[in-house]
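This note's numbering numbers the first residue of the sequence shown as 25 and each following residue consecutively.
Backbone N, C-alpha and C define an ideal beta-carbon position, used for all residues, glycine too.
Right, one structure below, let's go through it.
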Amino acid sequence: MVNIWIEAEIWPKGSWDCNDDNTDVIVVFPDRSKWIASFFTYQNIETLRQKNIQTGECMNGSYFWYSDMILIDVISRERIEQLIDHLIKLDHLQSVFNRYHDVVAEEDDNYPVCFFNTEEPLR
């Protein structure tokens, strides 16, 4: 069991384009470990490149980088959950996501009751 927070889900209604957008995603495990990555659709990379050509950013659109970037076809909760499940099954999540500070007890109210397992580590 993991807890997945998707930044785009708190944006104003109608501002999230599942086919052309980017969003931060945080995954929390019952052992309190927290992992973060930034998801970009393939289309969003092209949109950003075109913007950068116009603005001159990133050497006029000649390159693009972003820390902890994951490229994905569609940014939806369903697709993000599928990818996270896939990465966990392959034991790749820790390679793809960046470790963030662990969840502290004062933050427990942000998670489902009994979500945190204090008896067993994740792995």
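Return helix, strand or coil for residue i, following the three-state DSSP convention.
i	result
Met-25	coil
Ser-119	helix
Lys-75	helix
Asn-46	strand
Return the chain-ordered list of same chain residues with a C-beta closer than 7 Å to the C-beta of residue i, the five sequence neighbours on each side being excluded.
i	result
Val-127	Val-52, Arg-56 and Lys-58
Trp-40	Ala-32
Met-25	Pro-54
Counting along the chain, where does the beta strand (DSSP E) carrying residue i start and finish?
i	result
Asp-109	No beta strand (DSSP E) holds Asp-109; the alpha helix (DSSP H) holding it covers 101-113.
Ala-61	58-65
Ile-96	93-96
Only counting the same chain, and skipping five residues up and downstream in sequence, which positions put a Cβ closer than 6 Å to that of residue i?
i	result
Asn-76	Cys-82 and Gly-85
Leu-117	Leu-111
Looking at the secondary structure, which residues open and close the alpha helix (DSSP H) in which residue i lies?
i	result
Gly-85	81-85
Does the beta-carbon distance from residue i to residue j come in below 8 Å?
i	j	result
Phe-140	Asp-132	yes
Thr-65	Asp-92	no
Ile-69	Val-49	no
Arg-123	Ile-30	no
Ser-62	Asn-43	no
Leu-114	Phe-88	no
Grab me the residues of residue i's own chain with a C-beta within less than 8 Å of its C-beta, minus the 5 sequence neighbours each way, in chain order.
i	result
Leu-146	At Leu-146, the pLDDT of 47 sits below 50, so the modelled position is not reliable and the matter cannot be decided from this model.
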